[in-house]
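Here is the structure we will look at.
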Amino acid sequence: MTHPLITFLKTPMAAPETSRLRHMRRWWMGLCWGLALAVLLLPLSKALVGKWGALPALLLVLAVPVHGLIYFRSKSLADEACRGENPS
Numbered sequence: 001m002t003h004p005l006i007t008f009l010k011t012p013m014a015a016p017e018t019s020r021l022r023h024m025r026r027w028w029m030g031l032c033w034g035l036a037l038a039v040l041l042l043p044l045s046k047a048l049v050g051k052w053g054a055l056p057a058l059l060l061v062l063a064v065p066v067h068g069l070i071y072f073r074s075k076s077l078a079d080e081a082c083r084g085e086n087p088s
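Take the UniProt record's numbering: the last position of the sequence shown gets the number 88, and nothing is skipped along the way.
Here it is, written out as structure tokens:
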């Protein structure tokens, strides 16, 4: 019989990252960077285009949480599946 702490330390904390999850993570990070850039350039884009200059930031404000929700749900399911394969 092993101590529960030893068993916990031997258990992987996260599933190995598949190519699909890596792709989703990179897209999510890219969307976050794009949102930061769109917010920083918002005064310039509004000066150039008018009220429609805020549209890229608005679209990214909607896309980041939607894609993040999908990515983190997929990551959580992969982690759960990985933990299920390694019995304690």
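We treat Cβ as the ideally placed atom computed from N, Cα and C, and that holds for glycine.
Worksheet item: Rounded to a whole number of angstroms, what is the C-alpha to C-alpha distance between GLU17 and GLY50?
Response: As a working note, residue 17 is residue 17 in the sequence shown. As a working note, residue 50 is residue 50 in the sequence shown. Each residue's Cα considered, the two are about 43 Å apart.
Worksheet entry | Identity of the residue in LEU44, ASP79, GLY84 and LEU31 nearest VAL61 by Cα | Counted from its first residue, the sequence shown places residue 61 at position 61. Nearest C-alpha to VAL61: LEU31.
Worksheet item: For ALA57 versus VAL39, is the C-beta distance shorter than 7 Å?
Response: Residue 57 sits at position 57 when you count from the first residue of the sequence shown. Residue 39 sits at position 39 when you count from the first residue of the sequence shown. The answer is yes: Cβ separation under 7 Å.
Worksheet item: Per DSSP, what kind of secondary structure is GLY84 in: helix, strand or coil?
Response: Within the sequence shown, residue 84 is the residue found at index 84, counting from 1. Helix at GLY84.
Worksheet item: Taking the alpha carbon of TYR71 as the point to measure from, which residue in HIS3, CYS82, LEU41 and MET29 has its own alpha carbon closest?
Response: Residue 71 sits at position 71 when you count from the first residue of the sequence shown. Ranking HIS3, CYS82, LEU41 and MET29 by Cα distance to TYR71 puts MET29 first.
Worksheet item: Where do the N-terminal and C-terminal ends of the alpha helix (DSSP H) with TRP27 fall, by residue?
Response: Here residue 27 is taken as the residue at index 27 of the sequence shown, counted from 1. Per DSSP, TRP27 belongs to the alpha helix (DSSP H) from 19–40.
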